[in-house]
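With my numbering applied, the sequence shown corresponds to residues 41 to 144, in that order. For each residue, glycine too, the CB sits at the ideal point set by N, CA and C.
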Amino acid sequence: LLNTRHEVLAMTEVAVGNLDSAPIHPREVFKEAVRRSAAAVIIAHNHPSGNPEPSADDLTITERLRAAGRIVGIEVLDHLIIGHGSYVSLRERGVMEGGGHRGV
């Protein structure tokens with residue numbers, strides 16, 4: 041959770057998954073952000089397989105979260121996927137630009 045200068049307000053755990061999925065609802069992601077008056081969020085999750093390449097589900101939830109964020113006025117700045125010793129930033133991949141699944 042970030043303030044208007046993109047300084048960290050807090051880090052919160054929203055969901056715990058199993059070996060191949062972590063069901064998440066935008067309501068849960070933004071509940072604490074709204075409560076703390078966050079201006080933006082960065083989403084992060086791990087892939088237990090160790091491969092940080094985004095899945096189709098990762099891209100879909102990213103777009104759902106961005107859409108929900110626009111409704112409540114909280115920007116999703118990035119979605120980080122953590123693997124073994126590496127990560128993928130969807131912003132760096134161009135996915136966060138303009139609402140498409142480009143660059144992956």
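Taking the alpha-carbon positions, what's the Leu105 to Val116 distance?
7 angstroms
Going by DSSP in three states, Val48 sits in which element: helix, strand or coil?
strand
DSSP beta-bridge partners of Asn91
The partner list for Asn91 (beta bridge, DSSP) is empty, contrary to what the question assumes.
Cβ neighbour criterion (16 or more within 10 Å) applied to Ala78
buried
For Glu68, collect the residues of the same chain with a Cβ closer than 7 angstroms to its Cβ; drop the 5 residues on either side in sequence, then sort them by chain order.
Val54, Ala55
For the ligand FAD, I want to know if His124 counts as a neighbour, meaning its beta carbon is within less than 6 angstroms of at least one of the ligand's heavy atoms.
The ligand content of the structure shown is nil, which means the ligand FAD is not present either.
Identify which residue in Ala73, Leu130, Val48, Gly109 has its Cα closest to the Cα of Asp98.
Leu130
Rounded to the nearest angstrom, what separates Glu188 and Glu132 at their Cα positions?
No statement about residue 188 is possible, as the shown extent of the chain runs from 41 to 144 and does not include it.
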